[in-house]
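Beneath this line is the structure, given in structure tokens, with notes to follow.
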Amino acid sequence: QIMRNARHLERLINEQNIDLLHVRSRAPAWSVYLASRSTGVPFISTFHGCYGHKNALKRLYNSAMLRGRACIAVSEFIEHHIRETYPWAKNVVQINRGVDTDYYTRSIQVSPSISTHATKKPAQVTTSTKGPEKPFTLLLPGRFSELKGHQLLLDAVEPITDRPLKIIFVGSSHGKEHYYQSLRERATSLSPKIEFV
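With the first letter of the sequence shown counted as 1, position 33 gets the number 100 in our numbering; the numbers rise by one all the way through.
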């Protein structure tokens, strides 16, 4: 499958005149690596987690993420992990996820129904008390896995009862059917409307 995907990528690169490839997962990284080598188009990667790395075969599999022009580590912890586990890796750059608190500020006045917002334009953070309130909608895209934060999101919204909420989970449950079912069961006991797509 990796080889087939590499050939499809080569065709797309040539048809669409692609200048740069970006990959975020290991099996696709091998396809991208092969397509990059055959076409001369560079690639970068984003390294999100520690992955299994206890034996040489696992580390070899993971190494596809580090063979591009640059590798983005999403935190100081991940950058340290990469440098410790793959000391040969070059061009690792740390780009943190989240909010840049040097750029944004929390020192703004907001409605009591909004707990923490960060914005440069306080006037944009408003709520209306007139008429029926539309549900605040949260979308969490990503495969159903304990690592993706579904339970954390449900923990966060469970105490919210003073405004309508709608949560949409979008992703594959393949291989995680038990976890997926446990989320569906928990969702029935919560007040927010929760959709599984």
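All C-beta atoms, glycine included, are put in the ideal place defined by N, C-alpha and C. Just so we're clear, the structure is a prediction, and the values are computed from it rather than from any experiment.
Check	Outcome
Residue from 143, 127, 257, 264 whose Cα sits closest to the Cα of residue 153	127
Rounded straight-line distance, which links the Cα of residue 79 to that of residue 72	10 Å
DSSP state of residue 255 mapped onto helix, strand, coil	coil
DSSP three-state assignment for residue 144, whether helix, strand or coil	helix
Own chain, CB closer than 7 Å to residue 96, minus 5 neighbours either side, in chain order	90, 112, 131, 132
As assigned by DSSP and simplified to three states, the class of residue 131	helix
Alpha-carbon spacing of residue 247 relative to residue 137, whole angstroms	35 Å
Integer-rounded CB distance, given that residue 214 should sit under 8 Å from residue 224	With a Cβ gap of about 19 Å, residue 224 and residue 214 do not count as contacting.
N-terminal and C-terminal residue of the alpha helix (DSSP H) that residue 75 is part of	69-83
Segment limits, beta strand (DSSP E) that includes residue 89	88-90
Residues near residue 203 in its chain [Cβ-Cβ closer than 8 Å; skip 5 each side]	230, 231, 232, 233
Top-ranked residue by Cα proximity to residue 235, from 211, 228, 242	211
Short Cβ contact (8 Å threshold) for residue 228 with residue 258	yes
Beta-carbon spacing of residue 221, residue 253 below 8 Å	yes
Buried or exposed by the 16-neighbour rule on C-beta atoms within 10 Å, applied to residue 135	buried
Close beta carbons around residue 164, own chain, < 6 Å, minus the five adjacent residues each side	141
Under 8 Å between C-beta atoms of residue 139 and residue 98	no
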